[in-house]
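Just so you know, we're using my numbering here: the sequence shown kicks off at 91 and counts up by one. Glycine included, C-beta positions come from ideal geometry on N, C-alpha and C. Predicted model only: the values in this text are computed from it and were never measured.
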Amino acid sequence: MREMLSKKVLGIAPSGIRKFFDIVNEMPDAISLGVGEPDFDTPWHIRDIGIDSLEHGRTFYTSNSGLMPLREEICRYLARNCGVSYNAAKETLITVGGSEAIDIGLRAVLNPGDEVLIPQPSYVSYLPCTVLADGVPKAIELKEENAFKLTRQQLADAITPRSKVLILPFPNNPTGAVMGREELMDLVDVIIENDLLVISDEIYSELSYHGKHVTIASLPGMQERTLLINGFSKAYAMTGWRLGYACGPEWLISQMTKIHQYAIMCAPTTSQYAAIEALQNGDKDVAEMREAYNDRRKYLLDRFRKMELPCFEPHGAFYMFPNIQEFGMTSEEFATRLLQEEKVAVVPGNAFGSCGEGFLRISYAYSLENLKEAMDRMARFIEHLRG
Numbered sequence: 091m092r093e094m095l096s097k098k099v100l101g102i103a104p105s106g107i108r109k110f111f112d113i114v115n116e117m118p119d120a121i122s123l124g125v126g127e128p129d130f131d132t133p134w135h136i137r138d139i140g141i142d143s144l145e146h147g148r149t150f151y152t153s154n155s156g157l158m159p160l161r162e163e164i165c166r167y168l169a170r171n172c173g174v175s176y177n178a179a180k181e182t183l184i185t186v187g188g189s190e191a192i193d194i195g196l197r198a199v200l201n202p203g204d205e206v207l208i209p210q211p212s213y214v215s216y217l218p219c220t221v222l223a224d225g226v227p228k229a230i231e232l233k234e235e236n237a238f239k240l241t242r243q244q245l246a247d248a249i250t251p252r253s254k255v256l257i258l259p260f261p262n263n264p265t266g267a268v269m270g271r272e273e274l275m276d277l278v279d280v281i282i283e284n285d286l287l288v289i290s291d292e293i294y295s296e297l298s299y300h301g302k303h304v305t306i307a308s309l310p311g312m313q314e315r316t317l318l319i320n321g322f323s324k325a326y327a328m329t330g331w332r333l334g335y336a337c338g339p340e341w342l343i344s345q346m347t348k349i350h351q352y353a354i355m356c357a358p359t360t361s362q363y364a365a366i367e368a369l370q371n372g373d374k375d376v377a378e379m380r381e382a383y384n385d386r387r388k389y390l391l392d393r394f395r396k397m398e399l400p401c402f403e404p405h406g407a408f409y410m411f412p413n414i415q416e417f418g419m420t421s422e423e424f425a426t427r428l429l430q431e432e433k434v435a436v437v438p439g440n441a442f443g444s445c446g447e448g449f450l451r452i453s454y455a456y457s458l459e460n461l462k463e464a465m466d467r468m469a470r471f472i473e474h475l476r477g
């Protein structure tokens with residue numbers, strides 16, 4: 091039988107995140123600090139609307155672009171929170187999570203050989219989605235000494251005549267880094283002069299702990315060349331509802347909708363009704379969860395200081411990215427031993443790009459009780475390594 095599998099797919103490595111958690115599931119008393127999923131339940135008033143939509147038989151397909159009331163509510167939310175104005179009918183698309191929006195956004199704009207600039211460490215899907223869309227991923231290595239932010243010089247140095255797309259992954263997974271207005275402004279003229287499209291992944295926008303989130307789409311000259319991606323998973327604890335959205339210029343959203351139309355049809359109807367309620371009445375829930383995450387963030391920073399483990403202070407998302415280079419082990423070796431010896435699962439930093447080597451991603455989307463026990467175990471492990 092001839093070779094049936096795509097060489098392109100065969101060449102893509104499995105996610106570096108999942109390997110450890112397959113082991114954790116089989117390990118009694120293990121504590122996982124790896125998965126980027128809120129430990130909160132979806133607020134009841136949001137669940138109630140989803141339940142109500144089922145009870146009233148609202149189980150039909152929506153339009154390909156999504157329910158118009160939801161698209162209108164998203165536009166109101168972005169105008170209120172981010173200072174950007176979109177046309178609900180022509181410049182918004184409801185997707186199956188933010189991940190689908192990333193995928194079809196890249197597929198809509200890339201031709202074979204086009205370069206996608208990917209600041210790393212960053213979310214594991216950007217690189218394989220680029221490859222699957224026949225693009226060429228080009229990593230820009232973010233530096234701890236720059237607080238893991240993308241600098242103007244780094245961007246300028248990375249651009250070539252084939253560069254077409256810049257992914258902006260802030261607030262960042264896995265580092266928790268945030269870029270403010272002035273730092274984003276530093277990039278704008280470089281982006282415009284080199285005619286780049288920006289894909290701005292803002293799924294953690296509501297989880298910013300030092301000031302309000304700023305989208306690059308709000309800066310002069312940027313809305314027409316930015317695809318803004320967001321969703322409901324992180325802010326509203328709606329991971330399993332699988333709902334995201336993309337907002338951008340009509341010329342791009344129309345082509346993304348075409349791909350979505352053939353590949354997906356529409357996002358889940360029940361989730362869309364629930365999301366309307368989340369946007370209309372969920373601000374208090376978001377604030378309460380953000381406050382809880384901030385308390386956990388401060389707790390972990392204090393524990394790392396007491397362990398004398400260097401850790402950049404994250405200002406967004408719900409991750410820590412401590413530096414473990416002093417121990418002379420790879421990130422994978424450290425994470426493997428921590429799991430085997432103390433039953434604590436974390437993610438090796440190199441799962442998010444080669445420049446993540448020497449770091450670990452630790453999620454604080456877990457209860458303080460679990461975090462305290464995990465930190466006690468980790469402190470014991472580090473004390474043993476130091477002898």
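Would you call the CB atoms of residue i and residue j closer than 8 Å?
i           : j           : result
residue 227 : residue 217 : yes
residue 407 : residue 263 : yes
residue 325 : residue 296 : yes
residue 414 : residue 461 : no
residue 440 : residue 423 : no
residue 278 : residue 328 : no
residue 120 : residue 435 : yes
residue 275 : residue 240 : no
residue 267 : residue 412 : no
residue 252 : residue 203 : yes
To the nearest whole angstrom, what separates the beta carbons of residue i and residue j, a pair I think is in contact under 8 Å?
i           : j           : result
residue 469 : residue 397 : 5 Å
residue 157 : residue 453 : Rounded, the Cβ-Cβ distance is 32 Å, inconsistent with contact.
residue 306 : residue 194 : Their Cβ separation, rounded to whole angstroms, is 20 Å, which puts residue 306 and residue 194 out of contact at 8 Å.
residue 130 : residue 379 : 6 Å
residue 196 : residue 255 : 7 Å
residue 290 : residue 261 : 11 Å between Cβ atoms; not a contact.
residue 293 : residue 323 : 7 Å
residue 160 : residue 347 : 15 Å between Cβ atoms; not a contact.
For residue i, count the other beta carbons within 10 Å of its own beta carbon; 16 or more makes it buried, fewer makes it exposed. Which is it?
i           : result
residue 335 : buried
residue 205 : buried
residue 90  : As displayed, the chain neither begins before 91 nor continues past 477, which places residue 90 out of reach and without an answer.
residue 231 : exposed
residue 151 : exposed
residue 478 : What is shown of the chain runs 91 to 477, which leaves residue 478 out entirely.
residue 375 : buried
residue 457 : exposed
residue 352 : exposed
Residues bridged to residue i by DSSP?
i           : result
residue 228 : 207
residue 188 : Partner(s): none; residue 188 has no beta bridge.
residue 308 : Residue 308 is not bridged to any residue.
residue 451 : 437
residue 320 : 335
residue 413 : 449
residue 349 : Answer is none; residue 349 lacks a bridge partner.
residue 182 : 337
residue 121 : 434
residue 291 : 319
residue 256 : 207 and 288
residue 173 : None; residue 173 has no bridge partner.
Task: the region 150-165 / the region 356-373 touching (three or more Cβ pairs under 8 Å) - done: yes
TODO: Evaluate contact between the region 380-400 and the region 183-198, counting only Cβ atoms and requiring at least three cross-stretch pairs below 8 Å.
DONE: no
- [ ] Please determine if the region 322-342 and the region 170-187 are in contact, where contact requires at least 3 C-beta pairs separated by less than 8 Å.
- [x] yes
Task: contact_flag[the region 367-386, the region 130-139] where n(CB pairs < 8 Å) is 3 or more - done: yes
- [ ] Please confirm if the region 418-434 is in contact with the region 286-298, defined as three or more CB-CB distances below 8 Å between the two stretches.
- [x] no
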